[in-house]
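One structure is given here, and the rest of the page talks about it.
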Amino acid sequence: MTTFSGLTADVASEAAELALPSIENLSHGSPGHLVVLRPGVAPSADAELPVIYRRSWGEKKDWRGPYDAIAESKARISWTTGLPSHAVQQLHPYLYQPGWTKWGGSAVGEGGLVVAYSGDKWFHDQFYSELVVSAIKVVCLREIDAVMRDPGTLFLGDGGEKP
1 MTTFSGLTAD VASEAAELAL PSIENLSHGS PGHLVVLRPG VAPSADAELP VIYRRSWGEK
61 KDWRGPYDAI AESKARISWT TGLPSHAVQQ LHPYLYQPGW TKWGGSAVGE GGLVVAYSGD
121 KWFHDQFYSE LVVSAIKVVC LREIDAVMRD PGTLFLGDGG EKP
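Everything in the sequence shown is counted per the UniProt record's numbering, starting at 1 for the first residue and increasing by one.
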């Protein structure tokens, strides 16, 4: 039986690898930080971010800023508001909370999938985030396609059997 586990750290890692050539090409190999949040977790102001995957590029000593903290703040903005961080900055600044970064550069997929990147111009960061959202979708679609093609799997989960 074929199983499907949904968004996991392995799926996010594979998605980041798919997006990596475009990120490296446009950023010219500059350092940065990516964060992916687990969808379906209800946000609250003081809750820990439901991070499922983090990845940094480049040596931290070469960073021009705290890319990890900025990416995670962008992710928090998107997780809390349901909007890309640039939309909060440019269209809904009244949603800002103390301690949040001022920078845009995140993406929100349907169902609450949040990806944020920091290390480049905000619109490049947003593009990288959107690439990873799309790559996560394609990895998950490939896996669900395998489940759909398996006549022995009727339900998702361990072994595909209904509990």
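All C-beta atoms, glycine included, are put in the ideal place defined by N, C-alpha and C.
To which residues does DSSP link residue i through a beta bridge?
i	result
W57	G32
L37	V51, V114
Which residues bound the beta strand (DSSP E) around residue i?
i	result
S106	106-109
V115	113-118
For residue i and residue j, what's the separation of their Cα atoms in angstroms?
i	j	result
K61	S30	13 Å
T80	W122	19 Å
P39	H28	31 Å
S73	W100	6 Å
T3	R76	31 Å
N25	E143	28 Å
S106	I52	16 Å
E17	G112	22 Å
For the alpha helix (DSSP H) holding residue i, just list the boundary residues, first then last.
i	result
Q89	85-90
L131	122-149
Y67	67-81
D10	9-27
Less than 7 Å between the CB of residue i and some heavy atom of the ligand COA, yes or no?
i	result
A16	In terms of ligand content, the structure shown is empty, and the ligand COA therefore cannot be addressed.
Any Cβ of chain D within less than 8 Å of the Cβ of residue i?
i	result
D62	The structure shown contains no chain D; it holds only a single protein chain.
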